[in-house]
Every structure is written in C-alpha cells, then in structure tokens.
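Residue numbering for the sequence shown follows my numbering, beginning at 1 and increasing consecutively. For glycine and all other residues, C-beta sits at the position ideal for the given N, C-alpha and C. This report refers to the structure that appears directly beneath it.
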Amino acid sequence: MKTYFIKTFGCQMNHSDSEKLSAVLDSLKLQEVQTVEESDLVIFNTCSIKQHAEDRVFGHVNNAKKAGKIVAITGCMIRHTSSLKDLQNIRELKNSKNTRIAITDEEIKKKLEKIDEVLKRIEKNKSVDFVFRIEDMKNLPEILYEFDSEIKRPNFEKIKKFDSLENFDYLNISPKLTEKYRATVPIMTGCDKFCTYCIVPFARGKERSRKFEDILEECNNHVKNGVIEITLVGQNVNAYFLDDASKKILQRHTDFAFLLNEIAEIKGLKRLQFTSPHPRHMGGDMIEVIAKHKNISRCIHLPVQTGSTRMLQKMGREHNIGRFTDFIEKLRKAVPEMTITTDIIVGFCTETEKDFQKTIELFETQHFLMAFISKYSPRKGTVSAEKMEDDVSDILKKERLEILTKVLEQSVDFENKKLIGKIEEVIIDSVQFNSEKNEFTARGRSHTGRTVVCKVGDRGENFIGKIVSVKITDYKKFTVFGKLL
Numbered sequence: 001m002k003t004y005f006i007k008t009f010g011c012q013m014n015h016s017d018s019e020k021l022s023a024v025l026d027s028l029k030l031q032e033v034q035t036v037e038e039s040d041l042v043i044f045n046t047c048s049i050k051q052h053a054e055d056r057v058f059g060h061v062n063n064a065k066k067a068g069k070i071v072a073i074t075g076c077m078i079r080h081t082s083s084l085k086d087l088q089n090i091r092e093l094k095n096s097k098n099t100r101i102a103i104t105d106e107e108i109k110k111k112l113e114k115i116d117e118v119l120k121r122i123e124k125n126k127s128v129d130f131v132f133r134i135e136d137m138k139n140l141p142e143i144l145y146e147f148d149s150e151i152k153r154p155n156f157e158k159i160k161k162f163d164s165l166e167n168f169d170y171l172n173i174s175p176k177l178t179e180k181y182r183a184t185v186p187i188m189t190g191c192d193k194f195c196t197y198c199i200v201p202f203a204r205g206k207e208r209s210r211k212f213e214d215i216l217e218e219c220n221n222h223v224k225n226g227v228i229e230i231t232l233v234g235q236n237v238n239a240y241f242l243d244d245a246s247k248k249i250l251q252r253h254t255d256f257a258f259l260l261n262e263i264a265e266i267k268g269l270k271r272l273q274f275t276s277p278h279p280r281h282m283g284g285d286m287i288e289v290i291a292k293h294k295n296i297s298r299c300i301h302l303p304v305q306t307g308s309t310r311m312l313q314k315m316g317r318e319h320n321i322g323r324f325t326d327f328i329e330k331l332r333k334a335v336p337e338m339t340i341t342t343d344i345i346v347g348f349c350t351e352t353e354k355d356f357q358k359t360i361e362l363f364e365t366q367h368f369l370m371a372f373i374s375k376y377s378p379r380k381g382t383v384s385a386e387k388m389e390d391d392v393s394d395i396l397k398k399e400r401l402e403i404l405t406k407v408l409e410q411s412v413d414f415e416n417k418k419l420i421g422k423i424e425e426v427i428i429d430s431v432q433f434n435s436e437k438n439e440f441t442a443r444g445r446s447h448t449g450r451t452v453v454c455k456v457g458d459r460g461e462n463f464i465g466k467i468v469s470v471k472i473t474d475y476k477k478f479t480v481f482g483k484l485l
C-alpha cells in the first residue's frame, strides 16, 4: 500500500476532517494522489444530510472496488450504532431541550436502528473493506496494518501533542491544508437543535466545543505559516461555548463573540469567516465584534430555511422571522457593506401559498447575495418524515423553486448593481491562460463574498493566494468583473 485518495462529500466540516485525515495518512508514509485510478486505498468521507447523498456513495464505492482498490467509508454515514451509550446521550440531550416536538425513548431507539441500517447495508455490500468513525482516526494505523504489515503507528507528536492516546481528540490534529493560504478550523461539532427535517443531531451527536487555547494556537500557527484566510466551522458555529477555565477571562461578550474577537486580533490574518451560524444565537455583541474588525468577512451565511414563522415552528427552528430580520437590519446599520447568503427549503410539510409568499417577501426585502434553495424531501429517521405528511406535490415544489430562483436573481442584480465603480479586496484562487490574447484571467472571492473575475496580464500564476484590489466594472448574475488596480 503506497498511495491513497480521499473523496469528500458534504459540508466544509467534512472537508476539514479530510485534511486532518490526510495528515494522519501522510504520517504513515502514504502518498496522496488525485484520482481513484492512481490509488491503492480509497476513503470516502461521507455526508448523510439527504438519503440520495448516501445512495450516491455506494455507487462510487462499487466502482472503486471494481478497480481493485482497498475501500473504506467514514464521515456522517458512520456515526452511531444502537448502543446504550448512544441512547443515553440522546436521551440527555432530548431532556435538556425545550422542544414542542415530543420524542420518546422508543422513537430514539428506532432512529438509531435506522442509522444502523447503513451499517447493515455496508455489511451486505462486499465492496467495502472497512469503516471507521472520523473521531477514531487514531485507530487507522492498526486497521491498515491488517492490509499491509509495513504500516506503523504514526508519531502523533509530530501532528499534535497529546498527553496520551486516551486523551486523543481528532479536532486537534494539525491538518494538511489543501491551499497553503487558506485554512478551515473546526471550533465545535454536533447539534442540539433537532430541527424536524434534519438528521444531523443523530449523525453528529451532541454539541461539543474545542478548548479556546487549542483553537487560538491552531489559528496562530496557520498565520505564522502563511495562511491569510481562516474559516471557523461547526454545525452551529456560533453555539460555541468556552470551558469553565476559559470563562474566567470572558468579559461581557458571549462565548462565540469573544472567540471571534480574539482570533481577529491575530496580526497577519487578512480575512476571518465562519459558517454556519444559527439565527437563535446571533446577537448584538457579534455585531459589535464584526464592526470592530475590518478583517472579518463582510459576508455572512445565515440559514433561515423559510420566510414563514409558522413554517419555522413546524421545522423546530427555535426563532422567528422578526428576530432574523431585526438582526440583519442592525448588522447592516453597523456594517453597511455587509452581504447575506442563506439556505431555503421549499415545499416543507403543510407549506401553503401564503407561507411561500412570505418567503418571496423575505427575498424581496433582504436582498440576499446568494441562496441555496432545495426542495423538501423526507429524510428517514427525522421527525418530519415519521410524524408529518409530505403533502406538497413535487410539481408544486419544483414550481416554487423556479419562482424563488428568479426572485433571487433579481435580488443579486440589485446588490451587484450597487457595486459598479467600487473597489473590492479579492483573494485570488485560480488563474486561466488565454492563448489567443496571451494573458491570464484570475478568479477569486471578495471580502463581501462575491466571485470576482479580472485580467492580470502575463503574470497570472504569481497571483494565486494573493490579495489584490479590483475596481468593479460589470456583473453577470452571480459573478462580477473588474479591473486590477
């Protein structure tokens, strides 16, 4: 076994996990390659947010096995078995949550059994050689030893200092960065919200935050090594909470606002982002910190899911539209250039035309820069799939998605039109050479979250990972164009 390839599905948290997994595999003297064909070992880091995401994985798995590879699955599909410990953890979480949706212990058992169906499916699928929980990647050397006796235990001291393997926390592994100028830093994992349509609390478990000192150390190390952009990630990133020892230095900010402020103070850090926050935890102290630090991104992704407070209650979202729009109004008053992106579900259970119109009104008044719009589909193991009727037809869901997409395009047009003639700070991510014009065109992301394209003459490759100033001259849908200054 000489080479490995990791195929990552899903959110930025999963991509962050894969970077840590790469660090462990590199320490075993394995070489990362970019295709299944080149690899000896293929690991699928999976997403289970929707059923079709899991189904898609098995297609890739079968193809990899046909090519003669050692195949492994990790990530959100490999989370729980129906153990007493899992039941107790979720029972404690359920009892600590003031929810309108009652969940009995028997129902929890059934949900865990449904998650176990993934493992049963894997057992039947002869294409999978082994599975492991992402949190247990410390066990990977022993597993791989069964396939190659030359595999040795890595020196975890070189990856991150641990008191002992018993105290091993995979979140503290120093990642192998995909891009040397950009780092994704997990600050918490898990979810305590139990939105009625979502499997994440059962897949990722209870909310757990990293130690403040560990996060700050990692961020400082990244910047010392040339990173200019850091993204803080977590399933509910602004639900981050400090441990008791760290709380002693907490003044009047909430835990997440305090953390955000401390990281933004790092000299040399040009851009600080975070995703995905929950509207329930957004407050005035966050606005104060964001306005204070120019290096905090002027684009926030804030999932709202619907414009109807009635639907938010059906979804178990624990906030209302008034609170959501009030926060955005205050944020834009403090930071006028701020842009907002969001997530939307159309056609959720019992959604009426009146409910949908409220979502349209939200788009028309808030002018989102981007929205990830999806049709509701029941997810096995969730409250909505088991206790609610999926009574909005697929035809109507598709129609509402198309209508909302057109409203979004109008919103983006409104936002980008205001940008003409203004200067955006852009981190260049890629360049493309035009042989006919003998020049490079660069593409990157601006501080306000826009995709920006500009010509950079004959020095294209020198711009990757650099911050440049671009005067915006034009736009087309979700992309703006400009002149390099």
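Problem - Rounded separation between H281 and N238 - CA only - result: 6 Å
Exercise for the section: Report yes if the C-beta distance between G460 and V470 is below 8 Å; otherwise report no. Expected result: no
Practice task
In the DSSP assignment, find the alpha helix (DSSP H) that holds A385 and state where it starts and stops.
Solution key: V383 to K387
Practice task
Return yes when the Cβ of V33 is within less than 8 Å of the Cβ of K69, no when it is not.
Solution key: no
Problem - Exposed unless 16 or more other CB atoms sit within 10 angstroms - verdict on T473 - result: exposed
Practice task
Using a threshold of 8 Å, state whether the C-beta atoms of L216 and I263 are closer than that.
Solution key: yes
Practice task
Flag this pair as yes or no: are the beta carbons of T339 and Y197 separated by less than 8 Å?
Solution key: no
Practice task
Please classify I360: does DSSP put it in a helix, a strand, or coil?
Solution key: helix
Handout entry: Paired residues, beta bridge with P186 - DSSP
Key = V233
Exercise for the section: Can you check DSSP and say which residues form a bridge with H301? Expected result: T341
Handout entry: Cβ neighbour criterion (16 or more within 10 Å) applied to L485
Key = exposed
Handout entry: CB contact check: K292 to chain D, cutoff 8 Å
Key = The structure shown has no chain D; it contains just one protein chain.
Exercise for the section: Look at the Cβ atom of V346, then the Cβ atom of K406, and state whether they are nearer than 8 Å. Expected result: no
Handout entry: Reference M13; option with closest CA among D40, M1, A183 and V289
Key = A183
Exercise for the section: Tell me whether the beta-carbon of I287 lies closer than 8 Å to the beta-carbon of K330. Expected result: yes
Handout entry: Neighbourhood of L362 by C-beta distance below 6 Å, restricted to the same chain and skipping five residues each side
Key = G307
Practice task
Using the Cα positions of P201 and G465, report the straight-line distance between them to the nearest angstrom.
Solution key: 36 Å
Problem - Inter-residue spacing [alpha-carbon to alpha-carbon] between P186 and S209 - result: 9 Å
Problem - Beta-carbon gap between K270 and I467 smaller than 8 Å - result: yes
Exercise for the section: Can you give me the start and stop residues for the beta strand (DSSP E) that Q273 sits inside? Expected result: R271 to T275
Practice task
Verify whether the separation of the beta carbon atoms of Y170 and I228 is less than 8 Å.
Solution key: no
Problem - Buried/exposed call for P336, threshold 16 Cβ in 10 Å - result: exposed
Practice task
Output the distance between the C-alpha atoms of N320 and L312, rounded to the nearest integer angstrom.
Solution key: 7 Å
Practice task
Could you work out which residue in Y475, E218, I173 and K29 is closest to K422 when comparing CA atoms only?
Solution key: Y475
Problem - Cβ-Cβ distance between C195 and G316 below 8 Å - result: yes
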